[in-house]
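Here's the structure, in structure tokens; my notes come after.
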Amino acid sequence: MSVHDLETPCVVIDLDRLDRNLLRMQARCDGLGLKFRPHVTTHKIPEIARLQMDAGAVGIAAQKVSEAAVFADAGFNDVLIPYNIVNPRKTARLADLALFNRITVAADHPVVIAGLADAAKANEMSLRVILELATELERTGALPDEVVELAKRIDADENLHFVGLLVYPSTPASRPALQEALNLLHNAGIGVDMVSGGGTGAVRFAPEIPELTELRAGTYIFNDWKAVCKSWADMDDCALMVAATIVSRPTTERAILDCGSRSLSSETVDGGYGFILEYPDAYIYTLSGEHAHVDVSKCREQPVIGERVHVIPVRADMVINLHDTVYALRDWQLENQWSVAARGMVW
Ligand SMILES: Cc1ncc(COP(=O)(O)O)c(C=O)c1O
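This is how it looks when you write it as structure tokens:
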């Protein structure tokens with residue numbers, strides 16, 4: 000079966016590119032003496048996580064408890080959740096998962112730590128906790144001068160175990176805070192087993208941050224148009240595409256594809272919604288739910304109704320969460336079909 004036999008819109012994955020992306024990242028980490036922990040939230044597919052583990056990953060990172068549970072059920076038992084898990088129902092699910100799996104969970108505040116402690120106590124167990132440090136992303140994370148107090152609080156609780164520090168992204172800009180926090184912990188006599196950094200765009204900085212013991216990356220497995228625009232990847236590294244069909248040519252400037260925001264998501268980069276492989280000079284300037292509006296005025300060849308094209312989406316991880324199935328291709332022939340098992344597992 001060839002890619003042309005698949006109904007559009009659908010997600011296709013170039014396996015040669017995926018293999019190359021995964022082997023290159025693992026080799027990079029091996030070369031730096033860093034453990035590698037793929038972030039599975041990008042693909043949400045256990046079969047791909049298996050390929051990553053077979054290549055040498057030490058475990059996985061999953062963003063939410065429900066996502067972690069899908070992968071734990073599929074046999075991935077070392078899971079880092081780099082996310083504050085808040086609310087007794089969620090922490091109870093987390094603690095249940097940690098009864099049978101090696102779960103490490105992030106925290107950045109005493110309230111979060113207290114919630115984890117309650118859940119671990121209810122299960123009469125010990126939970127591994129990693130403190131997240133704030134970075135230039137200005138998202139979650141504690142400040143360096145809060146870390147000693149938080150680590151002491153974790154270790155003082157008989158149901159919690161402090162394992163180290165986590166940053167996202169791990170860039171030269173985030174390093175001074177990391178160094179400061181590590182110094183303060185060292186001076187307080189608190190041991191640090193792991194320092195987890197991450198981000199596909201940050202991987203190139205890893206040699207400049209010797210404090211790291213492991214790296215997490217997700218986007219690298221597929222790459223996407225955003226990664227290309229940010230120079231994290233080349234176009235030839237983009238393994239995931241949305242196959243689509245030209246369904247209308249209302250004017251000489253405009254073509255309409257059958258993939259809208261329900262297939263591509265509404266993510267944009269530089270104002271565009273994706274890159275059409277067959278028409279590099281075309282520009283997807285807006286989306287309806289089921290239509291992509293494409294300016295083809297600069298294209299030398301003009302697309303015709305019924306023609307199939309392949310769109311590199313702006314964010315592969317957003318696209319994955321919109322599709323039940325992906326089609327894995329080699330030389331444009333169907334080799335495999337995978338369910339997106341953790342689709343919608345965002346709770
Ligand atoms: C905490 C954390 N670590 C790692 C990653 C992986 O980043 P990337 O997809 O850029 O490789 C993410 C992405 O969502 C994240 O939120």
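All residue numbers for the sequence shown refer to numbering that gives the first Met the number 0, where the first residue is 0 and numbers rise by one. Yeah, the Cβ is synthetic: ideal placement off N, Cα and C, and Gly gets one too. Just so it is clear, the structure is predicted and the values come from calculations on it, not from any experiment.
- Between A205 and the set D280, A172, N222, T41, the nearest pair of CA atoms involves A172.
- Y282 and R253 have their C-alpha atoms spaced approximately 10 Å apart.
- At a threshold of 7 Å, T218 counts as near ligand 1, since its beta carbon sits closer than that to one of the ligand's heavy atoms.
- With respect to the C-alpha of L211, the residue from L31, D4, R19, M24 having the closest C-alpha is L31.
- A341 and F70 do touch by the CB rule: their CB atoms are close to 7 Å apart, below 8 Å.
- Boundaries of the beta strand (DSSP E) around E213: 213 to 216.
- Relative to ligand 1, even the nearest heavy atom lies 7 Å or more away from the CB of Y272.
- In this structure H3 is exposed. Its beta-carbon is surrounded by fewer than 16 other beta-carbon atoms within 10 angstroms.
- When distances are taken from the beta-carbon of T40 to the heavy atoms of ligand 1, the shortest one is below 7 Å.
- Judged by DSSP secondary structure, D13 falls within the beta strand (DSSP E) whose first and last residues are 9 to 13.
- Spatial neighbours of E179 in its own chain (CB-CB distance under 7 Å, excluding positions within 5 residues in sequence) are listed in chain order as P143.
- From the listed residues I255, A150, R299, W331, the smallest Cα separation to G305 is found for I255.
- With a cut-off of 7 Å, the C-beta of A48 is classified as distant from ligand 1, since no heavy atom of the ligand falls inside that distance.
- Taking a 10 Å sphere around the C-beta of P302, we find 16 or more other C-beta atoms and assign the residue as buried.
- Per DSSP, F161 is one residue of the beta strand (DSSP E) stretching across 159 to 165.
- Taking C-beta separations shorter than 8 Å and ignoring five residues to either side along the sequence, the partners of D154 in its chain run H160, F161, I189, following chain order.
- In this structure, G200 has its beta carbon less than 7 Å from a heavy atom of ligand 1.
- Within its own chain, the residues whose Cβ lies closer than 7 Å to the Cβ of L14, once the five positions on either side in sequence are excluded, are A327, L328, R329, E334, listed in chain order.
- As computed with DSSP, N335 is found in a beta bridge with A327.
- For P81, the shortest separation between its Cβ and any heavy atom of ligand 1 lies below 7 Å.
- When G114, V339, V10, H38 are compared, the shortest CA-CA separation from V78 is found for H38.
- Bridge pairing for G273: P312 [DSSP].
- If you compare the alpha carbons of Y167, I319, G343 with that of C9, the shortest gap goes to I319.
- Distance from L5 to A238 at the Cβ level is roughly 16 Å; contact not present, criterion being Cβ atoms closer than 8 Å.
- Taking every protein chain shown into account, the CB of V227 has 16 or more other CB atoms within 10 angstroms, so this residue is buried.
- Between V313 and D236, the C-beta spacing is not below 8 Å.
- As summarised for the stretch 60 to 144, the continuous beta strand (DSSP E) elements at least 3 residues long and confined to that stretch are 77 to 80, 101 to 106, 126 to 131, given in chain order.
- DSSP places L286 within a strand segment (E or B) once states are collapsed to three.
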